[in-house]
Amino acid sequence: MKLRFFHSAIITATAGILVFSACSPGDQPAQTSHIKAITVKTTLPSQGNKEGITASGQLQSSRSADISTRVMGYITVIHVKAGDRVTKGQLLVSISNEDILAKKAQTEAAIAEASAAYQNAAKDFQRYNALYKEQSASAKELDNISLQYASAGARLKAAKQMKNEAQAMLAYTNLRAPFSGVVTRKLADAGNMASPGLPLLTIEQQGEFEVTAAIPETEITKLKNGQQAKMSIKSGGKTFTGVIREINQSSASTGGQYLIKITVPANEKKGLYSGMYVNVFIPIARETGSVTNEGSILVPLKSIVMRDQMTGIYTVSNSSQAVLRWVRLGKQYNGEAEVLSGLGKDEKFILEAQGRLFNGVPVKESNQ
Numbered sequence: 001m002k003l004r005f006f007h008s009a010i011i012t013a014t015a016g017i018l019v020f021s022a023c024s025p026g027d028q029p030a031q032t033s034h035i036k037a038i039t040v041k042t043t044l045p046s047q048g049n050k051e052g053i054t055a056s057g058q059l060q061s062s063r064s065a066d067i068s069t070r071v072m073g074y075i076t077v078i079h080v081k082a083g084d085r086v087t088k089g090q091l092l093v094s095i096s097n098e099d100i101l102a103k104k105a106q107t108e109a110a111i112a113e114a115s116a117a118y119q120n121a122a123k124d125f126q127r128y129n130a131l132y133k134e135q136s137a138s139a140k141e142l143d144n145i146s147l148q149y150a151s152a153g154a155r156l157k158a159a160k161q162m163k164n165e166a167q168a169m170l171a172y173t174n175l176r177a178p179f180s181g182v183v184t185r186k187l188a189d190a191g192n193m194a195s196p197g198l199p200l201l202t203i204e205q206q207g208e209f210e211v212t213a214a215i216p217e218t219e220i221t222k223l224k225n226g227q228q229a230k231m232s233i234k235s236g237g238k239t240f241t242g243v244i245r246e247i248n249q250s251s252a253s254t255g256g257q258y259l260i261k262i263t264v265p266a267n268e269k270k271g272l273y274s275g276m277y278v279n280v281f282i283p284i285a286r287e288t289g290s291v292t293n294e295g296s297i298l299v300p301l302k303s304i305v306m307r308d309q310m311t312g313i314y315t316v317s318n319s320s321q322a323v324l325r326w327v328r329l330g331k332q333y334n335g336e337a338e339v340l341s342g343l344g345k346d347e348k349f350i351l352e353a354q355g356r357l358f359n360g361v362p363v364k365e366s367n368q
């Protein structure tokens, strides 16, 4: 009996301790008062008519050239490599020219022969012309000599043209820079066969950039030269505004897409490199019946939180805690998304946080 009573007393005391612990107000698991507040930056949604066209583009130099030759031959020396800076007229590529030199020698021999024949024909013409005036030669004889004289002159002229052609072909065996710039691509090596029209190097002029973007045929009629375009670099996030300077009128070689070229302001060229990918947004006038309303709510895409198939955004409660608010998104623009529901135009949301956000975590606003 004593043993049974002792066991019962232990069980009762243990239960009492557990009940007391569960009811202790200082150890509530739902409480987050002991967590250090995270510093956050908040802002209001942007508003306005954001109807426009979005596209992907690529940054490139406004002046570039593919270096190729018009003759076929083996490459003997490539004097530069990718990344080298070159000046206008600098020798870039040398191609074997033995056959062209041989052709040039043949033309020089032909010129010497034609020149001798022309001089003899000129003397005969002068002699027969004098004899004709003295009535010692007939008109037919003078005509024949005149014809030989003209034919000799034509052969000499043709021989000289062949020499000019050989010299021009010889110039294509020494390829030089058409302007000062940077070698961006090296497409061949010494010993390769160079073919007419096949690029060997690419040179770009530094300092002036443009963006080339592809626009579908359903949108191309809404654009015109001089129209502004907002752009952001995908890798670094740099944003700037340019102007459409060229609209291609044909999509025959671009798979149904129309290429446009957008200038990049000179003061924005720092930190830009040819080949960078760009997000392009071109604002256009809102059409009647457009699904985008005046004053639509827009938030940066970087502030959107993805949870499975749902999208949300963190807001700040009256008790200075982070609250994940589920939102429904509409169109996406240049780095922004339209919020159709779930967030009011006068409600702040968290743009940046100096720590990991979750529901109920204390936050401290600092918009410095």
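Residue numbering for the sequence shown follows the UniProt record's numbering, starting at 1 and increasing by one per position. All residues carry an ideal CB built from backbone N, CA and C; glycine is no exception. Just so we're clear, the structure is a prediction, and the values are computed from it rather than from any experiment.
Run through the DSSP bridge pairs and tell me what residue i is partnered with.
i, result
"MET310", "ARG307"
"THR54", "PHE281"
"residue 385", "The chain is shown from 1 up to 368; residue 385 falls before or after that span and cannot be answered."
"SER46", "LEU298"
"VAL243", "GLN228, THR263"
"GLU338", "LEU298"
"ILE38", "VAL363"
"SER61", "PHE209"
For the putative contact between residue i and residue j, defined by C-beta atoms under 8 Å, what is the C-beta separation to the nearest angstrom?
i, j, result
"GLU336", "VAL299", "7 Å"
"PRO216", "GLN257", "6 Å"
"SER341", "VAL323", "Incorrect: roughly 16 Å between the Cβ atoms, too far for contact."
"ALA122", "LEU131", "Actually they are not in contact, since the Cβ atoms of ALA122 and LEU131 sit about 15 Å apart, beyond 8 Å."
"LYS348", "SER320", "Rounded, the Cβ-Cβ distance is 12 Å, inconsistent with contact."
"ARG245", "ILE220", "With 8 Å as the limit, ARG245 and ILE220 do not qualify as a contact, their Cβ atoms being about 15 Å apart."
"SER94", "VAL77", "4 Å"
"ALA150", "ILE111", "Rounded, the Cβ-Cβ distance is 18 Å, inconsistent with contact."
"LYS222", "ILE284", "5 Å"
"LYS238", "GLY271", "6 Å"
"MET276", "ILE233", "6 Å"
"ILE282", "GLN227", "6 Å"
"VAL305", "MET231", "Rounded, the Cβ-Cβ distance is 26 Å, inconsistent with contact."
"THR315", "ARG307", "Actually they do not touch by this definition, with Cβ atoms about 15 Å apart."
"ASP124", "GLN148", "7 Å"
"PHE179", "GLN205", "6 Å"
"PRO196", "MET72", "6 Å"
"SER274", "GLU338", "Contact flag wrong, Cβ pair sits at about 33 Å."
"ASN264", "GLY242", "Before going further, note that residue 264 is Val rather than Asn in the sequence given. Confirmed, about 5 Å."
Where do the ends of the beta strand (DSSP E) carrying residue i lie?
i, result
"PHE349", "349 to 353"
"GLY330", "322 to 332"
"PRO345", "Strictly speaking, residue 345 in this sequence is Lys, with Pro absent from that position. That residue, LYS345, is in no beta strand (DSSP E); it is neither H nor E in DSSP."
"THR254", "From DSSP, THR254 is part of no beta strand (DSSP E); its letter is neither H nor E."
"ILE203", "201 to 204"
Q: Tell me the start and end of each unbroken beta strand (DSSP E) in the segment 208 to 239 that is at least 3 residues and wholly inside, in chain order.
A: Counting only runs of 3 or more, we get 209 to 216, 228 to 233.
(Q) Going residue by residue through the UniProt domain "CzcB-like barrel-sandwich hybrid" (64 to 194), where are the continuous beta strand (DSSP E) segments of at least 3 residues, counting only ones entirely within it? (A) Runs found: 64 to 67, 73 to 78, 91 to 95, 174 to 176, 181 to 186.
Q | Meets three-Cβ-pair contact criterion under 8 Å: the segment 180 to 190 and the segment 142 to 160 | A | No, the segment 180 to 190 does not touch the segment 142 to 160.
Q: Examine the Cβ distances between the segment 156 to 175 and the segment 58 to 77 and report whether three or more of them are shorter than 8 Å.
A: At 8 Å Cβ cutoff, the stretches touch.
Q: Check whether the segment 110 to 117 touches the segment 151 to 169, counting contact only when three or more Cβ pairs, one atom from each stretch, lie closer than 8 Å.
A: Flag = yes, the segment 110 to 117 and the segment 151 to 169 touch.
Q: Spell out a yes or no on whether the segment 303 to 319 and the segment 342 to 350 are touching, meaning 3 or more CB-CB pairs, one atom from each, closer than 8 Å.
A: By the criterion of at least three beta-carbon pairs nearer than 8 Å, the segment 303 to 319 is in contact with the segment 342 to 350.
Q) If you pair each beta-carbon of the segment 33 to 45 with each one of the segment 351 to 359, do three or more pairs fall below 8 Å? A) Yes, the segment 33 to 45 is in contact with the segment 351 to 359.
Q: Flag this pair as touching only if the segment 157 to 172 and the segment 101 to 112 have three or more C-beta atom pairs under 8 Å; answer yes or no.
A: Enough Cβ pairs lie closer than 8 Å, so yes.
Q: Assess, as a yes-or-no matter, whether the segment 204 to 213 is touched by the segment 95 to 104 under the definition of 3 or more beta carbon pairs within less than 8 Å.
A: No, the segment 95 to 104 is not in contact with the segment 204 to 213.
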